[in-house]
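Numbering (my numbering), first residue to last: 10 to 283.
For each residue, glycine too, the CB sits at the ideal point set by N, CA and C.
Quick caveat: nothing in here was measured; it's all calculated off a predicted structure.
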Ligand code: AMP
């Protein structure tokens, strides 16, 4: 595995490559969720590139940019063992210049749910993903369904800008109790980790209701909010179609149920696809 820290070194390393490139962009503090993306990329491509970059432009004022877990040594080992070919760990200066040209999230889909609660977050996310996709020259790029709205917006960006890369959605990886893995889980105390399970429990409750024939979104949401009482604060519960339009009735095969809630320090998100 080669570790590259500059754009120039990445371009040079890519010149040696033949065949397909699979790319997994991350913000590091790698866990099994990231690893599952890397493993899928490994199975499906000749070369695997992983990036670790805590992107400042997607953090809002007052968010956890400085506190965000950074584990360069452990991340390097994980990538090495997983058979990654190129690990790209750039500095902020390598990625950005002052007064940049920017692309922005779409006016409606980019400013609901996560985009409403974190205005500007998706602009920064799309900006860095555009850069990273261009830098990687990937044939396929792997993103988790855990960040469902992010995944939808990246897919839209690739479509709108005619980018020549296939976006591969990957399943959410959970711990043995059902908690969706996240680098931010590192902030949770043991007691909070227990309470954080209410997110996946609420989603499970919703999916059971659907299986039992309950399709009314308001009824399902009300039940979910009961389960979510264990959280410190619920930011939203949403039931949308796959293009993030709000639904009145669940549509099997075209629905995503999402939740965002605060438990202790971190703000957690989770979802299921129905
Ligand atoms: P992050 O480092 O949080 O920016 O995440 C990098 C990628 O890993 C994104 O595509 C995430 O959606 C994905 N990811 C994070 N957590 C999980 C998880 N528990 N299961 C599957 N994918 C995940």
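How is residue 96 classed by DSSP in three states: helix, strand or coil?
It is a strand residue.
Leaving out the 5 sequence neighbours to the left and right, which residues in its chain are closer than 7 Å to residue 184 when beta-carbon positions are compared?
Cβ within range, chain order: 190.
Quick check on residue 180: does DSSP put it in helix, strand or coil?
Correct three-state label for residue 180: coil.
For residue 255, is the classification buried or exposed, using 16 other Cβ atoms within 10 angstroms of its Cβ as the cut-off for buried?
By the 10 Å Cβ count, residue 255 comes out exposed.
Classify residue 191 as helix, strand or coil using the three-state DSSP reduction.
Coil, per DSSP.
Within 10 angstroms of the Cβ of residue 260, are there 16 or more other Cβ atoms? Answer buried if so, exposed if not.
Classification of residue 260: exposed, given that the 10 Å Cβ count is below 16.
If you follow the alpha helix (DSSP H) that residue 19 is in, where does it begin and where does it stop?
Start and end: 16-24.
Express the C-alpha separation of residue 270 and residue 157 in angstroms, rounding to a whole number.
Spanning the two alpha carbons is a distance of roughly 15 Å.
Using 8 Å as the threshold, is the C-beta distance between residue 61 and residue 42 below it?
No, the pair does not count as a contact, with Cβ atoms beyond the cut-off.
When you compare the CB positions of residue 101 and residue 65, do they come within less than 8 Å of one another, or not?
Result yes, Cβ atoms of residue 101 and residue 65 sit closer than 8 Å.
Could you have a look at residue 160 and say whether DSSP puts it in helix, strand or coil?
DSSP places residue 160 in helix when its eight states are reduced to three.
Using 8 Å for Cβ pairs, my map puts residue 252 next to residue 148. What's the rounded Cβ distance?
That pair is no contact at about 25 Å.
Looking at the strands, I want to know which residues DSSP matches up with residue 149.
BP columns for residue 149 point to 31 and 175.
Would the segment 42-57 count as touching the segment 150-170 if we require 3 or more Cβ pairs under 8 Å?
With the cut-off at 8 Å, the segment 42-57 and the segment 150-170 touch.
Check whether the Cβ of residue 104 sits closer than 7 Å to any heavy atom of the ligand FAD, and report yes or no.
Inclusion of the ligand FAD in the displayed structure is not the case, the ligand content consisting of the ligand AMP alone.
If I measure Cβ to Cβ from residue 232 and keep anything under 6 Å in the same chain, skipping five residues before and after, which residues do I get?
214, listed in sequence order.
Just tell me which of 115, 83 and 279 has its CA closest to the CA of residue 194.
The candidate whose alpha carbon is nearest that of residue 194 is 279.
Excluding five sequence neighbours on each side, which residues of the same chain lie with their C-beta closer than 7 Å to the C-beta of residue 224?
Closer than 7 Å at the Cβ level, and outside the excluded window around residue 224, lie 258 and 259.
The beta strand (DSSP E) with residue 221 in it runs from where to where?
Taken as a continuous stretch (DSSP letters only), residue 221 belongs to no beta strand (DSSP E), as it is neither H nor E.
Would residue 11 and residue 87 be called neighbours here (beta carbons separated by less than 8 Å)?
Not in contact: residue 11 and residue 87 (Cβ atoms no closer than 8 Å).
In whole angstroms, what separates the C-alpha of residue 33 from that of residue 89?
Approximately 14 Å, taken between the alpha carbons.
Kindly examine the ligand AMP and report whether one of its heavy atoms sits closer than 7 Å to the Cβ of residue 28.
No.
Comparing the CB of residue 129 with every heavy atom of the ligand AMP, is any distance shorter than 7 Å?
For the ligand AMP, not one heavy atom lies less than 7 Å from the Cβ of residue 129.
DSSP on residue 272, reduced to helix/strand/coil?
Coil.
Within 10 Å of its beta-carbon, does residue 104 have 16 or more other beta-carbons around it, so buried, or fewer, so exposed?
Buried, because 16 or more other Cβ atoms sit within 10 Å of the Cβ of residue 104.
DSSP three-state label for residue 110, please.
Coil at residue 110, not helix or strand.
I'd like the ranges of any beta strand (DSSP E) spanning at least 3 consecutive residues and lying wholly in the segment 221-271.
The qualifying runs are 242-250 and 264-271.
Between the Cα of residue 126 and the Cα atoms of 170, 176 and 243, which residue gives the shortest distance?
Minimum Cα distance to residue 126 is reached at 243.
Just to confirm, does residue 46 get its C-beta within under 7 Å of one of the non-hydrogen atoms of the ligand AMP?
Yes, the ligand AMP has a heavy atom inside 7 Å of this Cβ.
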